[in-house]
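Residue numbers (full-length UniProt numbering): 1 to 481.
Inspection log for the structure reproduced underneath, given as structure tokens.
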Ligand SMILES: Cc1cc2nc3c(=O)[nH]c(=O)nc-3n(C[C@H](O)[C@H](O)[C@H](O)COP(=O)(O)OP(=O)(O)OC[C@H]3O[C@@H](n4cnc5c(N)ncnc54)[C@H](O)[C@@H]3O)c2cc1C
């Protein structure tokens with residue numbers, strides 16, 4: 001009887017604990033990926049995120065075929081339909097043992113509970129491993145037994161724990177002798193599922209070979225300078241690994257292992273470039289722990305519950321709807337904000353400094369609810385990930401854990417002068433401003449027809465008034481509380 005490896009957000013064959021464990025058994029191994037288009041739509045995935053997964057499935061199928069493991073798919077509209085369909089699938093293929101990795105989002109955990117009950121009812125065993133995090137949620141708690149809500153003490157404990165428990169990433173398992181007949185991988189097209197291919201962007205190469213090469217290149221060329229370069233979007237100063245991490249073409253252990261091989265204990269010195277990068281991996285774990293510790297954040301609710309009463313401007317108001325549309329299109333009249341949004345729209349990725357800037361601009365200068373921005377990011381990002389996206393948005397909106405204080409508002413002009421001093425990044429994405437020299441490009445003078453250059457608009461909001469408006473909105477919360 002074959003053993004089943006259920007692939008989820010872990011689309012690779014190296015450092016795959018579930019696959020490794022299944023391959024230790026002397027039985028045929030079959031792999032499964034469950035396609036859940038309606039669930040992806042409910043989670044706000046855009047065409048490019050779905051396509052990124054499908055690209056990886058094709059690569060994974062070829063890799064698994066070399067190991068004599070067939071990759072089967074099961075299409076199941078949403079998670080609710082899954083327990084019944086998975087049981088039927090297991091019965092059809094005479095599967096008695098399933099292997100997979102844990103997932104932490106609320107819907108995924110509810111799904112897994114329902115699946116576990118259904119499988120148990122039919123006598124099918126299911127083993128799960130920790131994969132997405134270096135330290136599992138629940139393993140690090142405060143003295144009061146609660147999940148950490150401040151990053152620095154979390155990180156201190158996290159780093160100790162990781163150093164004490166880290167093991168080398170697993171290799172790919174050896175090819176199986178016994179094979180199991182399987183049909184060719186048949187994947188529906190995006191259009192069949194109702195996504196438009198017009199939204200697709202050119203992606204990096206899919207698959208773990210490309211991801212591992214990008215990791216190697218970054219360790220060789222970027223890691224040492226990370227701290228100095230990571231805030232400058234015109235430079236390739238960050239790893240760019242997030243799209244592969246989001247689908248699990250790369251594991252977080254492989255990232256840390258590569259950094260450690262490169263520079264050993266320097267990785268634990270937060271003052272070094274390496275230490276800064278490793279602490280970003282810590283942020284990724286931190287936000288995943290929060291999904292489990294405070295499930296409301298995974299369900300569209302603010303971490304700081306009092307901020308639920310904040311008087312965000314409503315999108316029903318046509319002026320607000322226009323502001324939101326301008327933000328999405330990169331037409332707010334604030335050059336760095338707009339260049340950032342166009343980077344997102346054109347490439348499916350945005351630099352972290354700019355994610356913070358545009359998220360703060362939407363929630364503070366435009367006083368638009370962070371949930372609208374979070375959802376828009378999900379439609380555009382290749383690396384769209386509930387934990388990090390929600391964490392980042394709630395940080396910027398001052399509604400989250402360890403969030404930016406509401407009165408510390410990034411000024412889009414000074415951020416631009418500081419982090420894109422020569423306007424190189426702005427020129428890359430706003431060709432209509434290419435003629436401005438470095439001094440003017442951050443805040444070009446308003447010209448004829450209320451335009452700054454070409455069709456590029458004048459600023460959509462007065463920064464001083466916007467600051468007063470958001471300060472009042474947050475102060476009103478305090479008075480109510
Ligand atoms: C509003 C907002 C939304 C975001 N949405 C996402 C998202 O949907 N998916 C996503 O992966 N990241 C998100 N981030 C975090 C961060 O911006 C990206 O992880 C980072 O820009 C990816 O680029 P990189 O791989 O070059 O990162 P590097 O700087 O090279 O960092 C290495 C890895 O560490 C992790 N990491 C880095 N910074 C953070 C962070 N602040 N929080 C959590 N993990 C981090 C990522 O996995 C990243 O790939 C968001 C941040 C903000 C402020």
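No residue lacks a Cβ here, since even glycine has one placed at the ideal position from N, Cα and C.
Model, not experiment: these values are computed from the prediction.
Contact test: residue i Cβ vs ligand 1 heavy atom, cutoff 8 Å
i, result
"residue 317", "no"
"residue 238", "yes"
"residue 287", "yes"
"residue 378", "yes"
"residue 9", "no"
"residue 284", "yes"
"residue 435", "no"
"residue 329", "no"
"residue 255", "yes"
"residue 226", "yes"
"residue 109", "no"
Reference residue i, options the options, closest by Cα
i, options, result
"residue 158", "134, 294 and 194", "134"
"residue 381", "281, 366 and 342", "342"
"residue 305", "148, 311, 296 and 312", "296"
"residue 237", "208, 253, 276 and 203", "276"
"residue 75", "54, 235, 64 and 65", "54"
"residue 281", "145, 132 and 85", "132"
"residue 230", "113, 388, 338 and 418", "418"
"residue 160", "385, 279 and 409", "279"
"residue 52", "388, 324, 195 and 42", "195"
"residue 66", "377, 299 and 175", "175"
"residue 108", "80, 268, 23 and 122", "80"
"residue 156", "428, 431 and 286", "286"
"residue 396", "361, 187, 379 and 73", "361"
Buried/exposed call for residue i, threshold 16 Cβ in 10 Å
i, result
"residue 218", "buried"
"residue 105", "buried"
"residue 184", "exposed"
"residue 36", "buried"
"residue 414", "exposed"
"residue 247", "buried"
"residue 110", "exposed"
"residue 211", "buried"
"residue 57", "buried"
"residue 465", "exposed"
"residue 5", "buried"
"residue 112", "buried"
"residue 271", "exposed"
"residue 307", "buried"
Minimum Cβ-Cβ distance from residue i to chain B less than 9 Å
i, result
"residue 206", "Looking for chain B here will not work: only one protein chain is present."
Helix, strand or coil at residue i according to DSSP, with G and I counted as helix
i, result
"residue 457", "strand"
"residue 127", "strand"
"residue 232", "coil"
"residue 368", "coil"
"residue 186", "coil"
"residue 69", "coil"
Any non-hydrogen atom of ligand 2 within 8 Å of residue i CB
i, result
"residue 103", "Within the structure as shown, ligand 2 is missing, the only ligands being ligand 1."
>> Assess contact between the segment 392 to 408 and the segment 350 to 366, defined as three or more Cβ pairs (one per stretch) separated by less than 8 Å. Is contact present?
In response: yes
>> Does the structure place the segment 450 to 470 close enough to the segment 431 to 441 that three or more beta carbon pairs sit under 8 Å?
In response: yes
> With a cut-off of 8 Å, do at least 3 Cβ pairs link the segment 120 to 130 to the segment 93 to 101?
Replying inline: Yes: at least three Cβ pairs fall under 8 Å.
> Counting Cβ pairs closer than 8 Å, one from the segment 359 to 377 and one from the segment 457 to 474, do we hit at least three?
Replying inline: yes
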